[in-house]
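Q:
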Amino acid sequence: MQFGKGCHLHLIDGSAFIFRAYHALPPLTRKSDGLPVGAVAGFCNMIHKYVEANTGPDAPTHVAVIFDHSGKSFRNDLYDKYKANRPPAPEDLVPQFPLTREATRAFNIACKELKGYEADDIIATLSCQARDAGGRVTIISSDKDLMQLVGGGVEMLDAMKNKRIDRDGVVEKFGVYPERVVDVQALAGDSVDNVPGAPGIGIKTAALLINEFGSLEELLERAAEIKQPKRRETLIGMRDQIELSKRLVQLDCNTPLDFTLDDLEVREPDPEVLLPFLAAMEFRTLTKRVAEQLGAEAPAITDTDPRGAEPEAADAPDAMPFKPETYTCVRDAAGLAPWLERARERGYVAVDTETTSLDEMRADLVGISLCIDAGQACYIPVGHKDGSDDLFGSDNLAEGQMPLDQALEMLKPVLEDASILKIGQNMKYDAKIFARLGITVAPFDDTMLMSYALNAGLHGHGMDALSERYMSHTPIPIKSLLGTGKSAITFDRVPIDDAVKYAAEDADITLRLWELFKPQLHQARVTTVYETLERPLAPVLARMEMHGIKVDRDTLSRMSNAFAQKMAGLEAELYELAGHDFNVQSPAQVGAILFEEMGLEGGKKTKTGQWSTPADVLEDLATEHDFAARVLDYRQLQKLKSTYTDALQDHINPETGRVHTSYIQTGANTGRLASTDPNLQNIPVRSEEGRRIREAFVADKGKVLLSLDYSQIELRILAEMADIPALKQAFKDGLDIHAMTASEMFDVPLDQMTPDIRRRAKAINFGVIYGISGFGLARNLRIPRAEAQGFIDRYFERFPGIRSYMDVTTNFAKEHGYVQTMFGRKIHTPEINAKGPGAGFAKRAAINAPIQGTAADVIRRAMIRMEDAITGLPAKMLLQVHDELLFEVDADRADDVIARAREVMESAAAPALHLSVPLTVDAGQGQNWAEAH
DNA sequence: CTAATCACG
DNA sequence: GACGTACGTGATTAGC
Numbered sequence: 001m002q003f004g005k006g007c008h009l010h011l012i013d014g015s016a017f018i019f020r021a022y023h024a025l026p027p028l029t030r031k032s033d034g035l036p037v038g039a040v041a042g043f044c045n046m047i048h049k050y051v052e053a054n055t056g057p058d059a060p061t062h063v064a065v066i067f068d069h070s071g072k073s074f075r076n077d078l079y080d081k082y083k084a085n086r087p088p089a090p091e092d093l094v095p096q097f098p099l100t101r102e103a104t105r106a107f108n109i110a111c112k113e114l115k116g117y118e119a120d121d122i123i124a125t126l127s128c129q130a131r132d133a134g135g136r137v138t139i140i141s142s143d144k145d146l147m148q149l150v151g152g153g154v155e156m157l158d159a160m161k162n163k164r165i166d167r168d169g170v171v172e173k174f175g176v177y178p179e180r181v182v183d184v185q186a187l188a189g190d191s192v193d194n195v196p197g198a199p200g201i202g203i204k205t206a207a208l209l210i211n212e213f214g215s216l217e218e219l220l221e222r223a224a225e226i227k228q229p230k231r232r233e234t235l236i237g238m239r240d241q242i243e244l245s246k247r248l249v250q251l252d253c254n255t256p257l258d259f260t261l262d263d264l265e266v267r268e269p270d271p272e273v274l275l276p277f278l279a280a281m282e283f284r285t286l287t288k289r290v291a292e293q294l295g296a297e298a299p300a301i302t303d304t305d306p307r308g309a310e311p312e313a314a315d316a317p318d319a320m321p322f323k324p325e326t327y328t329c330v331r332d333a334a335g336l337a338p339w340l341e342r343a344r345e346r347g348y349v350a351v352d353t354e355t356t357s358l359d360e361m362r363a364d365l366v367g368i369s370l371c372i373d374a375g376q377a378c379y380i381p382v383g384h385k386d387g388s389d390d391l392f393g394s395d396n397l398a399e400g401q402m403p404l405d406q407a408l409e410m411l412k413p414v415l416e417d418a419s420i421l422k423i424g425q426n427m428k429y430d431a432k433i434f435a436r437l438g439i440t441v442a443p444f445d446d447t448m449l450m451s452y453a454l455n456a457g458l459h460g461h462g463m464d465a466l467s468e469r470y471m472s473h474t475p476i477p478i479k480s481l482l483g484t485g486k487s488a489i490t491f492d493r494v495p496i497d498d499a500v501k502y503a504a505e506d507a508d509i510t511l512r513l514w515e516l517f518k519p520q521l522h523q524a525r526v527t528t529v530y531e532t533l534e535r536p537l538a539p540v541l542a543r544m545e546m547h548g549i550k551v552d553r554d555t556l557s558r559m560s561n562a563f564a565q566k567m568a569g570l571e572a573e574l575y576e577l578a579g580h581d582f583n584v585q586s587p588a589q590v591g592a593i594l595f596e597e598m599g600l601e602g603g604k605k606t607k608t609g610q611w612s613t614p615a616d617v618l619e620d621l622a623t624e625h626d627f628a629a630r631v632l633d634y635r636q637l638q639k640l641k642s643t644y645t646d647a648l649q650d651h652i653n654p655e656t657g658r659v660h661t662s663y664i665q666t667g668a669n670t671g672r673l674a675s676t677d678p679n680l681q682n683i684p685v686r687s688e689e690g691r692r693i694r695e696a697f698v699a700d701k702g703k704v705l706l707s708l709d710y711s712q713i714e715l716r717i718l719a720e721m722a723d724i725p726a727l728k729q730a731f732k733d734g735l736d737i738h739a740m741t742a743s744e745m746f747d748v749p750l751d752q753m754t755p756d757i758r759r760r761a762k763a764i765n766f767g768v769i770y771g772i773s774g775f776g777l778a779r780n781l782r783i784p785r786a787e788a789q790g791f792i793d794r795y796f797e798r799f800p801g802i803r804s805y806m807d808v809t810t811n812f813a814k815e816h817g818y819v820q821t822m823f824g825r826k827i828h829t830p831e832i833n834a835k836g837p838g839a840g841f842a843k844r845a846a847i848n849a850p851i852q853g854t855a856a857d858v859i860r861r862a863m864i865r866m867e868d869a870i871t872g873l874p875a876k877m878l879l880q881v882h883d884e885l886l887f888e889v890d891a892d893r894a895d896d897v898i899a900r901a902r903e904v905m906e907s908a909a910a911p912a913l914h915l916s917v918p919l920t921v922d923a924g925q926g927q928n929w930a931e932a933h
């Protein structure tokens, strides 16, 4: 059929299909020889689905899949950096490129590419030809670069979202009609393709300008009329770059094709060609399905492994309902045996424990629940009390429970069996409970850690939230069993019948979450993160927490008393100064005295209408007013006393005489740990007075504490990631990095450096890590905002790589919705495209996350390796404080431990990463933490 | 229960 | 063109 009026051409963006398929599927390999075929499998499924979906009355008459030709295109001759920031294709994807071409031909669909041109140019040329011939065109792609082609019978179809894009759709995206899309793109540039555009102008501004002036040419001619000085100068000064950008984004409608539209006519697939190809790829399900549809015999596939290379269809949402009344209560050995047998057969089992406390070091085991098949779970009560109305509360065990010892004896072989995977939600908690009962749970998977690897930044990772979000199921609230507040009971007082429903459900949910997350780890490419940075860390943390650190109660108690005395004195002074009594601990009352009674200027109110009296405001007033200075002193003592010297004493475990913190592995989005109950990551150090708290953290008899901390790790990582030669060299040379920055910025030779200039450079260095702003730096350094902005401008001038790191990072976040650490950890940034005041916040967080997160990954790797490295030495790792590790070791072996631990920490990035900047570690030792640090 | 404040990296 | 801003945490207290 001659292409003309009434014809309908489909043009499929083949490269987009390939990358989509590659990223959507786990890295499958062909069973017989290990050839990577995941992307091919996905590609074939997509093509097959496309063919199935396009048989109706609106079916295309002509179709082609268009690919990018490997190597350079004519655009690289225009601009050598075009697409220069594209990472090379993943190793396991490269051999799949030719296979996708072969697949296209096997489906009997025209497969086209052209040396020196991109797929987009061929699509453009064919679209123009088809339109001129009076036919319709549908471009199946979501690539915005193709939007310039829409109109006159040409539409786009975003196959992922199943959304057609017409002229109005283009206006939605670009703010202009298709004819002017290239003008907007020329101005806005494109970080993905490395099209420079006009700095400072994005799509919104570009569309505004184009709509005002009518076209890019007109705009550039009349650029002098633009009111905003910055924008005007950019447009005038960057004219060449903008015109180059336009040539880069303009698609070529005249590519020299060696075929015509008529060659693209839709053809039926030939079973004799297609089936052998699919069989050779060993795609079992697809081969069968296609054979059925074509009415042909499916060729045999020799490999009979049930877990073949063929991916199953995407998991449908788990529709099985939750039925609490069907859960089993296991009351004796005969009841437990079949569950354990099934776990052995299956090779995995979800496990959850119920206890009397959230403090694992004090909690007693009350019951265990198991689940192997979704919807079928059991609860094994072992420590429920009978709840008789004994005046003192009965300690008698309730009827119908297995003796704890018997239950543990039966469970232990399964929990420790290397061939049975134990699945838990926050397994560190359960593992610690079992560890205290002499059971080492291994191997294990943890759905909380899986969720963290997959979804950090998107939501929390507690079971209730995950159940709600991923299964639309609200678990039984624990409060409904225990009550709240003062009248709350412990789990051992919960009637067994109620406990079964609650506890078994937890195991059921955990198993279902595991089934959901497991394949997602591969799809999201975070299996390595989960397996090397998350899962192995949990047992290490568990051991650190259980070991604890010795805290000397007497030291704390003495300090508390001293603080109390000083505070009483300050309190009296403050009443005197104010002329009346008041609550010093109330910011509202302090504010009222300062800004109303004393009539001072500069007071600000919080959004709730209260006077705000943060430390920096009081500090400004303190030079003139004793009142403000005394309040500051009082607050410092109050903080030290209440949070540290008093509260810490309550955390000393009576059995061990030590303090056992809990680390939350999924608490911080960036990969850092958080520490609670108590928080041992914010023990004072900056002030002289506060630092003395650390004297209460002591080594046991005959031992010493060691502190090893990374020097400037985040700045080093910034230098590496942003690739700043001057900073990298300074680290290699072991220079004072802040002094060196100062020298570079302010043109002061190192030997004439003053502390004040260095201080400013230091503040800027830290500011950069946080996503610097003029306002923030000005406040930090207490200088005028314009001056701070000047510093920042100069910094970016001297280290231009910093600016581009920030741009690349935020653009990546905007496009993908997440950023990554150097080790592949993903941190999602859902707010990055938000408007309003949240935008700047999200942007700075996105800039900071890869730096902070990479540093967090490094110390995690060190911690995971540390236990093996110090085996045989009388040493234990006790605490982690983000860039510091604290050890306790026999005094005579301290130097050996320092040497080994330092080696592990300094080489922690390798072999996954070869950093060009050295990581260095400072070490100290002493009887207490103050001395060691 | 939330806001304000302040301890740490 | 105005607005509001350093990044990441947890604990304590006041005051509703």
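Here the first sequence stands for residues 1 to 933, numbered as in the UniProt record's numbering. Yeah, the Cβ is synthetic: ideal placement off N, Cα and C, and Gly gets one too.
1. Check each candidate in His625, Gly657, Arg512 and Leu632 and name the one with the smallest Cα separation from Met546.
2. Please state whether DSSP places Tyr818 in a helix, a strand or coil.
3. Mark Val917 as exposed unless 16 or more other C-beta atoms lie within 10 angstroms of its C-beta, in which case mark it buried.
4. Please work out which residues of its chain come closer than 8 Å, Cβ to Cβ, to Leu913, disregarding the five sequence neighbours upstream and downstream, and give them in chain order.
5. Under the three-state reduction of DSSP, which class applies to Thr606: helix, strand or coil?
6. Could you check whether the region 362–377 touches the region 521–534, counting it as contact only if at least three pairs of C-beta atoms, one from each stretch, sit closer than 8 Å?
7. Check Thr23 in the structure and name its three-state DSSP category.
8. Which same chain residues, not among the five before or five after Val176, have their C-beta less than 6 Å away from its C-beta?
9. Using only alpha-carbon positions, find the residue among Pro684, Gln752, Val768 and Gln250 that is nearest to Arg716.
10. Flag this pair as yes or no: are the beta carbons of Pro381 and Ala499 separated by less than 9 Å?
11. Who are Val659's beta bridge partners in DSSP?
12. What are the start and end residues of the beta strand (DSSP E) that includes Ser487?
13. Excluding the 5 residues flanking Ala719 on each side, which residues of the same chain have their C-beta closer than 7 Å to its C-beta?
14. In chain order, what residues of the same chain lie with their CB nearer than 7 Å to the CB of Gly926, ignoring the 5 residues before and after it?
15. Return helix, strand or coil for Arg344, following the three-state DSSP convention.
16. Asp318 to Met471, Cα distance in whole Å?
17. Whole beta strand (DSSP E) runs in the region 736–820 with 3 or more residues, listed along the chain?
18. Evaluate contact between the region 639–658 and the region 558–566, counting only Cβ atoms and requiring at least three cross-stretch pairs below 8 Å.
19. Secondary structure at Ser557, three-state DSSP: helix, strand or coil?
20. Distance check for Glu212 and Ala188, CA to CA, integer angstroms please.
21. With DSSP as the reference, label Arg136 as helix, strand or coil.
22. For a minimum of 4 consecutive residues, which ranges assigned as the alpha helix (DSSP H) are wholly contained in the region 59–117?
23. Pick helix, strand or coil for His580, following the three-state DSSP scheme.
24. Using the Cα positions of Ala377 and Thr328, report the straight-line distance between them to the nearest angstrom.
25. Tell me whether Phe174 sits in a helix, a strand or coil according to DSSP, three-state version.
26. Does DSSP put Asn54 in a helix, a strand or coil?
27. For Ala763 and Met753, which I take to be in contact (beta-carbon distance under 8 Å), what is that distance rounded to the nearest angstrom?
28. Would you kindly work out how many angstroms separate the C-alpha atoms of Asp890 and Pro874, rounded to a whole number?
29. Using only alpha-carbon positions, find the residue among Arg860, Gly56, Glu354 and Glu268 that is nearest to Leu541.
30. Quick one: using the 10 Å Cβ neighbour count with 16 as the cut-off for buried, is Asn765 buried or exposed?
31. Whole angstroms are fine: how far does the CA of Ser451 sit from the CA of Val529?
32. Would you give the residue range spanned by the beta strand (DSSP E) that Leu913 belongs to?
33. Tell whether a beta-carbon distance below 9 Å holds between Ile693 and Leu886.
34. Look up Met156 in the DSSP assignment and say whether it is helix, strand or coil.
35. Among Asp68, Tyr502 and Pro684, which one has its Cα closest to the Cα of Thr326?
36. Between the Cα of Ala846 and those of Asp446, Leu126 and Gly817, spot the shortest distance and give me the residue it belongs to.
A: Let me spell this out:
1. Here residue 546 refers to the residue found at position 546 when the first sequence is read from its first residue. Ranking His625, Gly657, Arg512 and Leu632 by Cα distance to Met546 puts Gly657 first.
2. Walking along the first sequence from the start, residue 818 turns up at place 818. Residue state, collapsed to three classes: strand.
3. Residue mapping note: residue 917 aligns to position 917 of the first sequence, counting from 1. It counts as buried.
4. The residue you call residue 913 lines up with position 913 of the first sequence. Around Leu913: Met822 and Phe823.
5. To locate residue 606, count along the first sequence from 1; it is residue 606. Looking at Thr606 - three-state DSSP - the assignment turns out to be coil, as it is neither helix nor strand.
6. no
7. Locating residue 23 in the first sequence gives position 23, where the first residue counts as 1. Per the sequence shown, residue 23 should be read as His rather than Thr. Residue state, collapsed to three classes: helix.
8. As a working mapping, residue 176 is identified with position 176 in the first sequence. If we look at Val176 and ignore the five residues flanking it on each side, its Cβ neighbours are Val184, Ala207 and Ile210.
9. As a working note, residue 716 is residue 716 in the first sequence. Of the listed residues, the one whose Cα sits closest to Arg716 is Val768.
10. As a working note, residue 381 is residue 381 in the first sequence. As a working note, residue 499 is residue 499 in the first sequence. In contact: Pro381 and Ala499 (Cβ atoms closer than 9 Å).
11. On the first sequence, position 659 is the one that residue 659 refers to. Ile549 and Ile652.
12. Position 487 of the first sequence, counted from the start, is the residue given in the question as residue 487. Looking at the DSSP string, Ser487 is not in any beta strand (DSSP E), and its letter there is neither H nor E.
13. For this step, residue 719 is matched to residue 719 along the first sequence. Closer than 7 Å at the Cβ level, and outside the excluded window around Ala719, lie Leu727, Lys728, Phe731 and Val917.
14. The sequence position of residue 926 within the first sequence is 926, counting from 1. Val704, Leu705 and Ala932.
15. For the purposes of this step, residue 344 is taken as the residue at position 344 of the first sequence. Arg344: helix per DSSP, three-state reduction.
16. Position 318 of the first sequence, counted from the first residue, corresponds to residue 318. Position 471 of the first sequence, counted from the first residue, corresponds to residue 471. Low confidence applies here, because Asp318 scores a pLDDT of 44, under 50, leaving its location unreliable; read the following figure in that light. Roughly 7 Å between the two C-alpha positions.
17. 818–820
18. yes
19. If you number the first sequence from 1, residue 557 lands on position 557. The answer is helix: DSSP assigns Ser557 an H, G or I state.
20. On the first sequence, position 188 is the one that residue 188 refers to. On the first sequence, position 212 is the one that residue 212 refers to. So the alpha carbons of these two residues sit roughly 16 Å apart.
21. Locating residue 136 in the first sequence gives position 136, where the first residue counts as 1. Strand at Arg136.
22. 74–78 and 96–106
23. Taking the first residue of the first sequence as 1, we reach residue 580 at position 580. If DSSP states are grouped into helix, strand and coil, His580 belongs with coil.
24. Start at 1 with the first residue of the first sequence, and residue 377 comes out as number 377. Start at 1 with the first residue of the first sequence, and residue 328 comes out as number 328. About 6 Å.
25. Within the first sequence, numbered from 1, the residue matching residue 174 stands at position 174. Helix, per DSSP.
26. Locating residue 54 in the first sequence gives position 54, counting from the first residue. Asn54 falls in the coil class under three-state DSSP.
27. As a position in the first sequence, residue 763 is number 763, starting the count at 1. As a position in the first sequence, residue 753 is number 753, starting the count at 1. That belief does not hold up - the Cβ atoms of Ala763 and Met753 are roughly 15 Å apart, past 8 Å.
28. If you number the first sequence from 1, residue 890 lands on position 890. If you number the first sequence from 1, residue 874 lands on position 874. Asp890 and Pro874: Cα-Cα distance of roughly 6 Å.
29. Taking the first sequence and counting its residues from 1, one reaches residue 541 at position 541. Leu541 has its Cα closest to that of Arg860, out of Arg860, Gly56, Glu354 and Glu268.
30. Start at 1 with the first residue of the first sequence, and residue 765 comes out as number 765. Buried is the call here.
31. Position 529 of the first sequence holds residue 529. Position 451 of the first sequence holds residue 451. Each residue's Cα considered, the two are about 12 Å apart.
32. Here residue 913 refers to the residue found at position 913 when the first sequence is read from its first residue. Counting along the chain, Leu913 falls outside any beta strand (DSSP E), and DSSP gives it neither H nor E.
33. For the purposes of this step, residue 693 is taken as residue 693 along the first sequence, with counting starting at 1. For the purposes of this step, residue 886 is taken as residue 886 along the first sequence, with counting starting at 1. No, the pair does not count as a contact, with Cβ atoms beyond the cut-off.
34. Numbered from its first residue, the first sequence carries residue 156 at position 156. Strand.
35. The residue given as residue 326 occupies position 326 in the first sequence. Taking only the C-alpha atoms, the option nearest Thr326 is Tyr502.
36. Here residue 846 refers to the residue found at position 846 of the first sequence. That would be Gly817, whose Cα lies nearest to the Cα of Ala846.
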